[in-house]
Amino acid sequence: GAGVSQSPSNKVTEKGKDVELRCDPISGHTALYWYRQSLGQGLEFLIYFQGNSAPDKSGLPSDRFSAERTGGSVSTLTIQRTQQEDSAVYLCASSTTPGLTQYFGPGTRLTVL
Amino acid sequence: GQQLNQSPQSMFIQEGEDVSMNCTSSSIFNTWLWYKQEPGEGPVLLIALYKAGELTSNGRLTAQFGITRKDSFLNISASIPSDVGIYFCAGQNSGGSNYKLTFGKGTLLTVNP
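See below:
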């Protein structure tokens, strides 16, 4: 079946605006993860969902970042009042169950001007 | 938090040569993983290692999980142009609500035909 999909593939926004990034996991995968990839910091974990709940939010960098997951499927990562340092590629991954292989989507490249 | 040191940062080799890269950690992991990322795509899992001392092959790729559980290496034999990409090591300690991957900074591999 289809892999993890993310939209949009690219997003350019102005500093101070809010953005929403979407992730569609592989069908039937109960676990979903968000990571951020930036030049200086590499790949960093943001948040993990099991079903619709988020047992681990330890990687969210500030309270401007939030995420939700509905119906045990689609997830949305929201960044409020974007800053230039939020510019990065945001990657989503899913796995059949927690702890098993994480399959990554192509990412959303966010540029904050 | 846990840190992974991956080396080398980049490699430029001739087609047919063998390649070796490694990761070390300040603390132990229960699982070591190696991913490859190509431009515009998310990381793709190459090899997963679940047991200290384990040596696993996947075609021309061989990876080992260090005995101390604080290191891993990846070898690529007889490199070909399509091996070009960024290779990431990742560590994972699954359990409780902790299923995140901790990534190294990556090794950029360039293969000259």
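Chains A and B supply the protein sequences, listed in that same order.
Heads up: the first sequence begins at 45 in our numbering, then just goes up one per residue.
Heads up: the second sequence begins at 417 in our numbering, then just goes up one per residue.
Virtual Cβ for every residue (Gly too), placed ideally from N, Cα, C.
What you are looking at is a predicted structure, and each value in this text was computed from that prediction instead of being measured.
Span separating the alpha-carbon of leucine 525 of chain B from that of alanine 98 of chain A: By 1-based counting over the second sequence, the position of residue 525 of chain B is 109. By 1-based counting over the first sequence, the position of residue 98 of chain A is 54. Straight through space, the alpha carbons of alanine 98 of chain A and leucine 525 of chain B are spaced by roughly 36 Å.
Cutoff 6 Å; reference threonine 140 of chain A; Cβ partners in own chain excluding five residues on either side: Residue numbering aside, residue 140 of chain A sits at position 96 when the first sequence is read from its first letter. Cβ-Cβ distances below 6 Å link threonine 140 of chain A to His73 in the same chain, with the five nearest sequence neighbours on each side left out; the list follows chain order.
Alpha-carbon spacing of glutamine 81 of chain A relative to isoleucine 496 of chain B, whole angstroms: Sequence index remark: in the first sequence, residue 81 of chain A carries index 37 (1-based). Sequence index remark: in the second sequence, residue 496 of chain B carries index 80 (1-based). About 27 Å.
Nearest-angstrom Cα separation, counted from tyrosine 92 of chain A out to phenylalanine 428 of chain B: The residue you call residue 428 of chain B lines up with position 12 of the second sequence. The residue you call residue 92 of chain A lines up with position 48 of the first sequence. The straight-line gap from Cα to Cα measures roughly 36 Å.
Residues bridged to lysine 61 of chain A [DSSP beta-bridge criterion]: Against the first sequence, residue 61 of chain A aligns to sequence position 17. Under the DSSP definition of a beta bridge, lysine 61 of chain A lacks any partner.
Beta strand (DSSP E) runs wholly inside the region 444-469 of chain B, at least 3 long, in chain order: 447-453, 460-465
Partners in chain B for threonine 32 of chain A, counting only beta-carbon separations shorter than 8 Å: As displayed, chain A neither begins before 45 nor continues past 157, which places residue 32 of chain A out of reach and without an answer.
Contact list for leucine 517 of chain B against chain A, beta-carbon separation under 7 Å: Translated into the one-based positions of the second sequence, residue 517 of chain B becomes position 101. In chain order: Phe89, Gln146.
In DSSP terms, what isoleucine 91 of chain A is bridged to: Your numbering for residue 91 of chain A matches position 47 in the first sequence. Note: isoleucine 91 of chain A sits in a beta bridge opposite A:Trp78.
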